[in-house]
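For reference, the structure is listed below as structure tokens.
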Amino acid sequence: MKENNLFSANAVFVSDATDPTTIFKEVSAKLLTLDLVNDGFFNGINQREQQYPTGIDTSPIAKELPNIAVPHTEGEFVNTCLIVPVALKKPVPFKNMIAPDQSLPVKFLFMILNNNPEGQANILAQIMDFLRLTPVSKLQALFNLTETDKIYQFLSKNFSQK
Numbered sequence: 001m002k003e004n005n006l007f008s009a010n011a012v013f014v015s016d017a018t019d020p021t022t023i024f025k026e027v028s029a030k031l032l033t034l035d036l037v038n039d040g041f042f043n044g045i046n047q048r049e050q051q052y053p054t055g056i057d058t059s060p061i062a063k064e065l066p067n068i069a070v071p072h073t074e075g076e077f078v079n080t081c082l083i084v085p086v087a088l089k090k091p092v093p094f095k096n097m098i099a100p101d102q103s104l105p106v107k108f109l110f111m112i113l114n115n116n117p118e119g120q121a122n123i124l125a126q127i128m129d130f131l132r133l134t135p136v137s138k139l140q141a142l143f144n145l146t147e148t149d150k151i152y153q154f155l156s157k158n159f160s161q162k
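Residue numbering for the sequence shown follows full-length UniProt numbering, starting at 1 and increasing by one per position.
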């Protein structure tokens, strides 16, 4: 099996924060200590989320799936190419990517770190393919996990890279 280098065991998080800014602050601080991002990351991702929301309604895939978000920012604020999964203990309101005037209760983040400007759309496409091609029961299992090592193991095994 090909190793999946879009995930790192030490860059998987579970948060009980109740708003996007607090989640970003919490995760940014941890990513900074790992040297995966620089000092500008928190402001970059927080401002970008406000201007270009990333909440995704998963009901077209399956009604029983929780919504997700794919926050990201410019490559100048990151030092690597990685997807940072963040499981949320309680749904957090994120603005809808398609209809920014609407909020969605989001339960899981696929935070994209990408220092390659051409790669952003590719990683987003891979996340969407993963959601579309993974059986709903497996996705439900993932979105119910609350232990970082189990989330990492699941994604390493089930997320196919292009």
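Where is the CB? At the ideal position from N, CA and C, for every residue including glycine.
Is it true that the CB of residue j sits closer than 7 Å to the CB of residue i?
| i | j | result |
| --- | --- | --- |
| V86 | V106 | no |
| L82 | L113 | yes |
| T73 | I45 | yes |
| P66 | F143 | yes |
Please report the distance separating the alpha-carbon of residue i from that of residue j.
| i | j | result |
| --- | --- | --- |
| F132 | Q50 | The residue asked about is misnamed: residue 132 is Arg in this sequence, not Phe. So the alpha carbons of these two residues sit roughly 26 Å apart. |
| T58 | V84 | 19 Å |
| L36 | R48 | 18 Å |
| P100 | F159 | 28 Å |
| A141 | V27 | 23 Å |
| D149 | K157 | 12 Å |
| S137 | M97 | 25 Å |
| L145 | Q102 | 27 Å |
| E147 | L155 | 13 Å |
What does DSSP give as the partner residue(s) for residue i in the beta ladder?
| i | result |
| --- | --- |
| I68 | I56 and F108 |
| S103 | K95 |
| N114 | C81 |
| V86 | F13 and L109 |
| V37 | V78 |
Assuming residue i contacts residue j under a Cβ cut-off of 8 Å, what Cβ separation, rounded to an integer in Å, is found between them?
| i | j | result |
| --- | --- | --- |
| I23 | A17 | 4 Å |
| I68 | F7 | The pair is not a contact, with the Cβ atoms about 15 Å apart (cut-off 8 Å). |
| F94 | T54 | 7 Å |
Along the chain, where does the alpha helix (DSSP H) containing residue i start, and where does it finish?
| i | result |
| --- | --- |
| V12 | Unbroken run through V12: none, as it is neither H nor E. |
| Y149 | For the sequence presented, residue 149 should be read as Asp rather than Tyr. Counting along the chain, the alpha helix (DSSP H) containing D149 begins and ends at T148 to N158. |
| G44 | F41 to Q51 |
| L31 | P20 to T33 |
Can you confirm whether residue i, when its beta carbon is compared against all beta carbons of chain D, has any partner nearer than 7 Å?
| i | result |
| --- | --- |
| F159 | Given the protein chain composition of this structure (a single chain), no chain D is represented. |
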